Every structure is written in structure tokens, then in C-alpha cells.
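Colleague: Using the working numbering, the first residue of the sequence shown is number 39, and each one after it goes up by one. Ideal placement from N, C-alpha and C gives every residue a C-beta, glycine not left out. These numbers come from a predicted model, not from an experiment. Following this message is one structure expressed as C-alpha cells.
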Amino acid sequence: MKYQRILLKLSGEALMGEQGYGIDSGRLQQYAEEVKKVVDAGIQVAIVIGGGNIFRGMQAEDTGIDRVQGDYMGMMATLINGMAIQSALEKIGIYTRLMSGIKVDQVCELFIRRRAIRHLEKNRVIIFGAGIGSPYFTTDSAASLRAVEIEANVVLKGTRVDGVYSADPEKDPSASRFTDLTFEEVLKKGLNVMDMTAFTLCKENHLPIIVFDMNKPGNLFRLVSGDKIGTLIY
Ligand code: UDP
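Right, dumping it as C-alpha cells:
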């Protein structure tokens, strides 16, 4: 196996499947099965889940809710998604811990780095909820930060497209996919991989990112085994 400890970032939007809102049960189950394949191979897995299918802080401003309040609502949304993933994983026999960036004692543990690492060593899948626990950040930033903290080998950004393209492949048919890019190339070409905070954290800590299609069965396992799929940023 190429990687021993991975951080898998899943967007909230991916969870809603085709329905355009909330959590799609089929998608949830599918993701749990994909994670199981790598856990069964002995890989240590941490997951950061977004909340965009339920609420985004930016969205709050349109509804008259102030930004910081909106961001906390977004963090709560990630916890809801985290609880859903936790259930899906437990249903198929995987031990999990949901760790939050803010205190929600009745529901999950607070993120404590040493404890998180211990869970991984015991082959429990950790799900990081509530981002980093501070407003004005995204779950991409949480993914980078937690990955650095737990010394993950790589951040795997699971999306519905199979990598980073020269233009938006859903809009521009001539867009081509990159197989790998250096951090500098991403900046020079002005490509959108993650928000700047998240991207910089990975760059400065020499933590590679792979953007890949999480919806294709087997892709996660293939990546972890060392197959070249998606786009590697290093
Ligand atoms: N959020 C935040 N701090 C964090 C992580 C998330 O304030 O550390 C809020 C922010 O409002 C964000 C929302 O939670 O819009 C949901 O996360 P995100 O937009 O990253 O979800 P995704 O796009 O991955 O579904």
C-alpha cells in the first residue's frame, strides 16, 4: 500500500447525491463501503466532512443571519453529516469516533490530537466534524490542518470530477485533466484546488493532495494502493 494514514475530505454536496438537498442514503452507504475497503486493508483513515448540503456560512448573509452565526450553523451542519457517516460505517462493522472542533459533549468527543492519533492506531476511523471550530474557515482548511496535525501521508479530496482540469469540465468541453501538478503550477495557472488557506497549509507542510472522483466504486482503494488516478498536487 502506498499510504498508511490518509485524510479523506468529502464535501457535503457530494452526500446529497442527485436529490439536490440533504443526505442521500444510497450515497452514504456507497461511501461507507469504499472506506471499508481501505480500512480492511489496514489503512488508517480520518475523514473531514463538509456541510454545504445543509448550510454554508456565506449563504447566511442572504437570509439576514450574520456571518459568524452562519459559520457556526455551517459547523453544526458538518456534525450532522459526520453523524450520518458514523452510522453508515458502524452499520457495516467499522469502529469510529466522531471528533468535533467545538464542544458537543452528548454527541461526540472534542478533538484532541493525541487522542485522535491513538484512535487511528487502534484502527478506528475518525470523522472530524465542526471544521476547525472557528468561523471564517472552510472544511477544506480543516482537512489540511487536521491532516498536518495527525501526520497523514496525503489529503484525498473526493469530488464528483476525476481531477483538476484546465477549465471547468462541466462547462468547457475542451478542458483537459492534469495528472500531476506542483503547488507552484497550481498558483501560476490560477487553478482552483482548495481555498487559499487550505492550499497554503498543505504547500508549506509538503503535504500532497490528490483530487479524485469519489463516486466511482473502487477509486479510493486504487488510490491508496498507488494507482495513478485523479490529479496529484505535490
Ligand atoms: N465552517 C466554519 N469553520 C470551519 C469549517 C466550516 O465556519 O472550520 C462553516 C462555514 O460556514 C462553511 C460551512 O461550515 O461554509 C460548511 O463547510 P464547507 O462549506 O467547507 O462544506 P463543503 O463545501 O465541503 O460541503
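Tell me which residues share the same chain as V193 and place their Cβ nearer than 7 Å to its Cβ, disregarding the 5 neighbours each side in the sequence.
Modeller: Numbered from 1 along the sequence shown, position 155 holds the residue referred to as residue 193. Taken in chain order, the residues that qualify are L45, K47, A181, S182, A185, C240, L245 and I247.
Colleague: Alpha carbon to alpha carbon, what distance is there between E71 and S172?
Modeller: The sequence position of residue 172 within the sequence shown is 134, counting from 1. The sequence position of residue 71 within the sequence shown is 33, counting from 1. Computed Cα separation, rounded: 31 Å.
Colleague: Beta-carbon within less than 7 Å of K141's beta-carbon, same chain only, minus the 5 sequence neighbours each way: which residues are those?
Modeller: Locating residue 141 in the sequence shown gives position 103, counting from the first residue. For K141, where only same-chain residues beyond five positions count, the Cβ hits under 7 Å are L148.
Colleague: Where does C94 fall in DSSP's three states?
Modeller: Residue 94 sits at position 56 when you count from the first residue of the sequence shown. For the sequence presented, residue 94 should be read as Arg rather than Cys. Note: R94 maps to coil in three-state DSSP.
Colleague: Quick check on DSSP: helix, strand or coil for P210?
Modeller: Walking along the sequence shown from the start, residue 210 turns up at place 172. Before going on, a small fix: residue 210 reads as Asp here, not Pro. Coil, per DSSP.
Colleague: If you run the structure through DSSP and keep just helix, strand and coil, what is F237?
Modeller: Within the sequence shown, the letter at position 199 stands for residue 237. Three-state result, F237: helix.
Colleague: Between I103, I267, G264 and N253, which lies nearest to Q68 when the distance is taken from Cα to Cα?
Modeller: By one-based count along the sequence shown, residue 68 stands at place 30. Checking every option, the nearest Cα to that of Q68 belongs to N253.
Colleague: Look at V199 and P211 and say whether their C-beta atoms are less than 8 Å apart.
Modeller: Taking the first residue of the sequence shown as position 1, residue 199 is located at position 161. Taking the first residue of the sequence shown as position 1, residue 211 is located at position 173. Not a contact, by the Cβ cut-off of 8 Å.
Colleague: Closest to G88 by C-alpha separation, out of Q57, Y59 and A168, would be which residue?
Modeller: Walking along the sequence shown from the start, residue 88 turns up at place 50. Of the candidates Q57, Y59 and A168, the one whose C-alpha sits nearest the C-alpha of G88 is A168.
Colleague: Does the ligand UDP have a heavy atom nearer than 7 Å to the CB of G60?
Modeller: Locating residue 60 in the sequence shown gives position 22, counting from the first residue. Every heavy atom of the ligand UDP is 7 Å or more from the Cβ of G60, so no.
Colleague: Tell whether a beta-carbon distance below 8 Å holds between V163 and I130.
Modeller: Working through the sequence shown from its first residue, we reach residue 163 at position 125. Working through the sequence shown from its first residue, we reach residue 130 at position 92. For V163 and I130, no; Cβs fall outside 8 Å.
Colleague: Are the beta-carbon atoms belonging to V224 and I267 less than 8 Å from one another?
Modeller: As a first step, residue 224 is located in the sequence shown; it is residue number 186 there, counting from the start. As a first step, residue 267 is located in the sequence shown; it is residue number 229 there, counting from the start. Going by C-beta atoms, V224 is not nearer than 8 Å to I267.
Colleague: What does the Cβ neighbour count give for G228, buried or exposed, with the cut at 16 atoms within 10 Å?
Modeller: Position 190 of the sequence shown, counted from the start, is the residue given in the question as residue 228. By the neighbour-count rule (16 or more Cβ atoms within 10 Å), G228 is not buried but exposed.
Colleague: If contacts are defined as beta-carbon pairs under 8 Å, then L158 and A84 qualify, I think. What distance do you get, rounded to the angstrom?
Modeller: Counted from its first residue, the sequence shown places residue 158 at position 120. Counted from its first residue, the sequence shown places residue 84 at position 46. L158 to A84, Cβ: 7 Å. Contact.
Colleague: Quick one: any contact between the stretch 50 to 64 and the stretch 110 to 129, if contact means 3 or more CB pairs under 8 Å?
Modeller: yes
Colleague: Should M232 be counted as a contact of the ligand UDP given a C-beta to heavy atom distance under 7 Å?
Modeller: Within the sequence shown, residue 232 is the residue found at index 194, counting from 1. No - the ligand UDP has no heavy atom lying nearer than 7 Å to the Cβ of M232.
Colleague: Kindly list the residues whose CB is nearer than 6 Å to the CB of M264, restricted to its own chain and excluding five residues on each side of it in sequence; keep chain order.
Modeller: Translated into the one-based positions of the sequence shown, residue 264 becomes position 226. Here the sequence assigns Gly to residue 264, which means Met is not the residue at that position. Excluding positions up to five away in sequence, the list reads K40.
Colleague: Going by beta carbon distance, what residues of the same chain come within less than 8 Å of V145, once the five residues before and after it are set aside?
Modeller: As a working mapping, residue 145 is identified with position 107 in the sequence shown. So the qualifying residues of the chain are L117, M121, L136 and S138.
Colleague: Taking only heavy atoms of the ligand UDP into account, decide whether any of them is closer than 7 Å to the Cβ of S179.
Modeller: As a first step, residue 179 must be located in the sequence shown, where it is residue number 141. Yes - the ligand UDP has a heavy atom lying nearer than 7 Å to the Cβ of S179.
Colleague: Count the other CB atoms within 10 Å of the CB of M113; is the residue buried (16 or more) or exposed (fewer)?
Modeller: Here the question's residue 113 lines up with position 75 in the sequence shown. So M113 ends up on the buried side.
Colleague: Do the CB positions of S49 and G95 come within less than 8 Å of each other?
Modeller: Within the sequence shown, the letter at position 11 stands for residue 49. Within the sequence shown, the letter at position 57 stands for residue 95. Taking 8 Å as the Cβ cut-off, S49 and G95 do not qualify as a contacting pair.
Colleague: Does the distance from the CB of Q107 to the CB of A98 come in under 8 Å?
Modeller: As a working mapping, residue 107 is identified with position 69 in the sequence shown. As a working mapping, residue 98 is identified with position 60 in the sequence shown. The answer is yes: Cβ separation under 8 Å.
Colleague: I'd like to know if D251 contacts chain B, where contact means its C-beta is closer than 8 Å to some C-beta of that chain.
Modeller: Although the question refers to chain B, the structure presented lacks it and comprises just one protein chain.
Colleague: Look at the alpha carbon of Y59 and the alpha carbon of D104, and state the distance between them as a whole number of angstroms.
Modeller: Locating residue 59 in the sequence shown gives position 21, where the first residue counts as 1. Locating residue 104 in the sequence shown gives position 66, where the first residue counts as 1. Using only the alpha carbons, I get a separation of about 23 Å.
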